[in-house]
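Novice: The listed protein sequences correspond, in order, to chains A and B.
So the first sequence is numbered by our numbering: it starts at 1 and just counts up by one.
So the second sequence is numbered by our numbering: it starts at 544 and just counts up by one.
So that we are looking at the same thing, I have put the structure below in structure tokens.
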Amino acid sequence: MSATAPATAPRTHLRLSGWVGAATSTDHKRIGLNLGLCSLAFFLLGGVFALLMRSQIAQPNERFVSDNTYNQLFTMHGSTMIYLFVTPMAIALAIYLVPLQLGATGMAAPRLTLTGFWVWLSGGLIMECSWLTADGAGRAGWFSYTPLSNGTNTPGVGQDLWVMGVLLAAIGMWVMGACVVATIARRRAPGMSLLRMPVFTWTELASMLMVVGAFPALIVVMALLFIDRHGGHVFTGFNGTIDYQDLFWFFGHPVVYVMFFPYLGAAAETIAVCSHKRWFGYTAFVASIMLFAALSMSVWAHHMFVTGGVTNQYFAFTSTALIVPAGIEYFDAIATMVRGSLVLRASMLFAITFFIQFLIGGLTGVFVASPVLDYHVNNSYFVIAHFHYTLFAGSVFGFFAGVYHWFPKVTGALLRERLGKLQLAILIVGTNMTFFPMFFLGEDGMPRRISRYPTHPSWGTLNLVESVGAGIIALGVLTFLINVFVSLRRRVPGGPDPWLGHTLEWATPSPPPPLNFETPLPPIRSYAPLLDLRRREPEGSRS
Amino acid sequence: MRGGAIPLLAWATLLVILMAANWIWTGDSVQVGSFALAAGLVYALAAWLVAWDRQALKMGPPPPDDEPEAVSEASLAAVMVGLSIACIGFGLVWAGFLIYFGAGVLALALGRLVLELRAELAARDALKPNDAMQEPPR
Numbered sequence: 001m002s003a004t005a006p007a008t009a010p011r012t013h014l015r016l017s018g019w020v021g022a023a024t025s026t027d028h029k030r031i032g033l034n035l036g037l038c039s040l041a042f043f044l045l046g047g048v049f050a051l052l053m054r055s056q057i058a059q060p061n062e063r064f065v066s067d068n069t070y071n072q073l074f075t076m077h078g079s080t081m082i083y084l085f086v087t088p089m090a091i092a093l094a095i096y097l098v099p100l101q102l103g104a105t106g107m108a109a110p111r112l113t114l115t116g117f118w119v120w121l122s123g124g125l126i127m128e129c130s131w132l133t134a135d136g137a138g139r140a141g142w143f144s145y146t147p148l149s150n151g152t153n154t155p156g157v158g159q160d161l162w163v164m165g166v167l168l169a170a171i172g173m174w175v176m177g178a179c180v181v182a183t184i185a186r187r188r189a190p191g192m193s194l195l196r197m198p199v200f201t202w203t204e205l206a207s208m209l210m211v212v213g214a215f216p217a218l219i220v221v222m223a224l225l226f227i228d229r230h231g232g233h234v235f236t237g238f239n240g241t242i243d244y245q246d247l248f249w250f251f252g253h254p255v256v257y258v259m260f261f262p263y264l265g266a267a268a269e270t271i272a273v274c275s276h277k278r279w280f281g282y283t284a285f286v287a288s289i290m291l292f293a294a295l296s297m298s299v300w301a302h303h304m305f306v307t308g309g310v311t312n313q314y315f316a317f318t319s320t321a322l323i324v325p326a327g328i329e330y331f332d333a334i335a336t337m338v339r340g341s342l343v344l345r346a347s348m349l350f351a352i353t354f355f356i357q358f359l360i361g362g363l364t365g366v367f368v369a370s371p372v373l374d375y376h377v378n379n380s381y382f383v384i385a386h387f388h389y390t391l392f393a394g395s396v397f398g399f400f401a402g403v404y405h406w407f408p409k410v411t412g413a414l415l416r417e418r419l420g421k422l423q424l425a426i427l428i429v430g431t432n433m434t435f436f437p438m439f440f441l442g443e444d445g446m447p448r449r450i451s452r453y454p455t456h457p458s459w460g461t462l463n464l465v466e467s468v469g470a471g472i473i474a475l476g477v478l479t480f481l482i483n484v485f486v487s488l489r490r491r492v493p494g495g496p497d498p499w500l501g502h503t504l505e506w507a508t509p510s511p512p513p514p515l516n517f518e519t520p521l522p523p524i525r526s527y528a529p530l531l532d533l534r535r536r537e538p539e540g541s542r543s
Numbered sequence: 544m545r546g547g548a549i550p551l552l553a554w555a556t557l558l559v560i561l562m563a564a565n566w567i568w569t570g571d572s573v574q575v576g577s578f579a580l581a582a583g584l585v586y587a588l589a590a591w592l593v594a595w596d597r598q599a600l601k602m603g604p605p606p607p608d609d610e611p612e613a614v615s616e617a618s619l620a621a622v623m624v625g626l627s628i629a630c631i632g633f634g635l636v637w638a639g640f641l642i643y644f645g646a647g648v649l650a651l652a653l654g655r656l657v658l659e660l661r662a663e664l665a666a667r668d669a670l671k672p673n674d675a676m677q678e679p680p681r
């Protein structure tokens, strides 16, 4: 069956141009771009916080910032990166790309998506506003455990603004996530059955289902914390503390996978396109990603092994079981490249690096899934190293793979390959210099969240290496910004399909027109309709 | 749209299985409650999709859809709703008057939203082909 492009639809009512038009546009591409650009701005801000932190702990007994300021810096660094960069960027990619990959003209609920964006952005700005208060910004960690974060131990408007900012950001992201799920459910083009959806769309569906299921726990816990801070006494005693952690981590662990799956999908699309092959084991991958998403909703209390308030065996079992779907994804990635015609573009190199570096984060995750080992490294730099290998060395590399892959689609211009490869080399050096020594520091007992440490054999040297590494990461990000600037200034047109892509977004001009597709869509007989078209394989050979 | 509710139902059922395992193994009411909330929300979303269109439960590729649709280019109401919610939240923390200001803006925004939706429906109705014209000659 040949799918046809959607009938031309009229536009109604309101026409605005310029900044106001961009801010009020219900075009999914504009909303996705706005969300992505705002997330990127927050990423740069979070990066500055990280550099300030690393300056403070570069050497023993440093006095670059006060203890209180350091507390604010690590709180706002974590909060900005998680609530305002990695998670919303994953949603931004979904909002921009999923309708294109499905052959749809737009989102299922564009107004609601736009409302979600503005609620999220307002939440982010309110959170960052807390820097302007007399008490300073939020300073109880990105998780704000009680009783540390209650009104007695962390008084002041700054922490209240942090709570309200997180609450609003979570509401905004929940709304946008639900809209993406509804889009996948309702807006697929004729012929696009569920098992013909691209790999990236499946990873986004798994992520957004987790957003729908897990983010309400964060909304509830932040609302309760707000009430608690204003005399409500919701989280009292040992049970109150454990209940807070249970509710928080019910969101807090799934969000790690919300911050991982879409970048895995981006890396997978890149590897398949740059290998000139279909993604290997598509059905197994789809099953594994859905199982992975469900399992990752049931592992949260491994963050609470040392509290004595949870059943460690259950959470150790589910956490270790995550190896199975993760293994399937790695197997698929390697098998896709085997016997492929590999083109080692910057995007492909970022994707391969994503899989290699994430492996370090994943394998150390197996260590900390064991309560015995977790007791040893809990609250140490080992944990910092583990999650930065998953979120920075993993997700951010997957993000850059996606950026180099889809930048020509979004802007119509190609990014400079040499600058991209230079950025990759700088980031690999910087990332491993920054985060790998943390394993040794953590194993040696250096606790996290300390603003100063005494002179200790090797701690000073390792911390200095890490701080230099953080500076190198900043240099890598600067290289990326220069690349974007140069590429947009002196444009090398990419055309509609510069990489011989597999999925429907490459069947439309770059950047895509308002209703996405100007010509009839190609027949959709698999998850790679453009590859089918090129190879002209016999009809019905796949489904 | 055809099949749209299936992955949601499948995934929510996986959550229910894990919830049952958690209940048996830990018996912790907060943990089971969190699971139930998550599974319930995904089931609710699936139920909404099925209520909208029974095809959401059927397997297979979506058929061609010739229904005209009205697409809005921009929505001031959606932005105003978002900002008014944020305004109320900010008012809860910092300045009480912002709660009332936000509530006022929210009321205006909802009014504006009704106008936008009515305009969209009118545009879609105008595009619908006349049934008499569509009847094949007998």
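Cβ atoms here follow ideal geometry from the backbone N, Cα and C, with glycine treated the same way.
Model, not experiment: these values are computed from the prediction.
(1) Can you give the Cα-Cα distance for Val119 of chain A and Ile426 of chain A, rounded to whole angstroms?
(2) If we ignore side chains and look at the alpha-carbon of each, how far apart do Pro88 of chain A and Pro198 of chain A end up?
(3) Count the other C-beta atoms from every protein chain shown that fall within 10 angstroms of the C-beta of Ser144 of chain A, then say buried if there are 16 or more, exposed otherwise.
(4) Assuming Ile473 of chain A is part of the alpha helix (DSSP H), what are its boundary residues?
(5) Classify Pro447 of chain A as helix, strand or coil using the three-state DSSP reduction.
(6) In terms of alpha-carbon separation, which member of A:Arg111, A:Trp459, A:Val234, A:Glu269 lies closest to His502 of chain A?
(7) Counting only C-beta atoms, is Val657 of chain B closer than 8 Å to chain A at any point?
(8) Taking Cβ-Cβ distances shorter than 9 Å, what residues in chain B pair up with Phe250 of chain A?
(9) Taking the alpha-carbon positions, what's the Val396 of chain A to Pro216 of chain A distance?
(10) Verify whether the separation of the beta carbon atoms of Gly394 of chain A and Gly361 of chain A is less than 8 Å.
(11) With C-beta atoms as the reference, is Ser39 of chain A less than 8 Å away from Ile31 of chain A?
(12) Does any residue of chain B bring its CB to less than 8 Å from the CB of Pro262 of chain A?
(13) Could you tell me the alpha carbon to alpha carbon distance between Tyr282 of chain A and Thr75 of chain A, rounded to whole angstroms?
(14) Could you check what DSSP says for Val593 of chain B in three-state terms: helix, strand or coil?
(15) I believe Thr241 of chain A touches Phe235 of chain A by the beta-carbon criterion, under 8 Å. Please report the beta-carbon distance rounded to the nearest angstrom.
(16) Smallest Cα separation from Val166 of chain A: which of A:Val468, A:Val338, A:Leu224?
(17) Identify whether Val258 of chain A lies in helix, strand or coil by the three-state DSSP scheme.
(18) Measuring only between beta-carbons, confirm whether Pro550 of chain B sits less than 8 Å from chain A.
(19) Hey, would you say Thr320 of chain A sits closer than 8 Å to Ala369 of chain A, going by beta carbons?
(20) Hey, would you say Val255 of chain A sits closer than 8 Å to Ile184 of chain A, going by beta carbons?
(21) From which residue to which residue does the alpha helix (DSSP H) around Trp554 of chain B run?
(22) Using a Cβ-Cβ distance under 8 Å, would Ala293 of chain A count as near chain B?
(23) Applying the 10 Å Cβ sphere with the 16-neighbour rule, what's the burial state of Ile567 of chain B?
(24) Can you give me the Cβ contacts of Leu349 of chain A inside the same chain, cut-off strictly under 6 Å, excluding the 5 residues immediately before and after it?
(25) Starting from His28 of chain A and walking both ways along the alpha helix (DSSP H), at which residues does that stretch end?
(26) Measuring CB to CB, does Asp160 of chain A end up less than 8 Å from Arg229 of chain A?
(27) Cβ of Pro110 of chain A less than 8 Å from any chain B Cβ?
(28) Ignoring anything shorter than 4 residues or poking outside the stretch 270-334 of chain A, list the alpha helix (DSSP H) runs there in chain order.
(29) Any C-beta of chain A within less than 8 Å: which residues of the stretch 607-620 of chain B qualify?
(30) Looking at the structure shown, is Ala401 of chain A part of a helix, part of a strand, or coil, going by DSSP?
(31) Taking buried to mean at least 16 other C-beta atoms within 10 Å of its own C-beta, is Met164 of chain A buried or exposed?
(32) Check distances from the C-beta atoms of the stretch 588-604 of chain B to those of chain A and list, in chain order, the residues that come in under 8 Å.
(33) Residues of the stretch 158-170 of chain A in Cβ contact with chain B at a cutoff of 9 Å, in chain order, please.
(34) Where Ile95 of chain A and Thr556 of chain B are concerned, what is the direct C-alpha to C-alpha distance, given to the nearest angstrom?
(35) What does a CB cutoff of less than 8 Å around Ala284 of chain A pick up in its chain, not counting 5 residues either side in sequence?
(36) Could you pull out every residue in the same chain whose Cβ sits closer than 6 Å to the Cβ of Phe49 of chain A, ignoring the five residues on either side in sequence?
Specialist: Taking the structure as given:
(1) 36 Å
(2) 21 Å
(3) buried
(4) 459-489
(5) strand
(6) A:Glu269
(7) no
(8) Val573, Gln574, Ser577, Phe578, Leu580, Ala581
(9) 26 Å
(10) yes
(11) no
(12) no
(13) 40 Å
(14) helix
(15) 6 Å
(16) A:Leu224
(17) helix
(18) yes
(19) yes
(20) no
(21) 549-568
(22) yes
(23) exposed
(24) Leu424
(25) 28-56
(26) yes
(27) yes
(28) 282-295, 312-321
(29) Pro607, Asp608, Asp609, Pro611, Glu612, Ala613, Val614, Ser615, Glu616, Ala617, Ser618, Leu619, Ala620
(30) helix
(31) buried
(32) Leu588, Leu592, Trp595, Asp596, Ala599, Met602, Gly603, Pro604
(33) Asp160, Leu161, Val163, Met164, Gly165, Leu167, Leu168
(34) 26 Å
(35) Ile328, Asp332
(36) Leu73, Met76, His77
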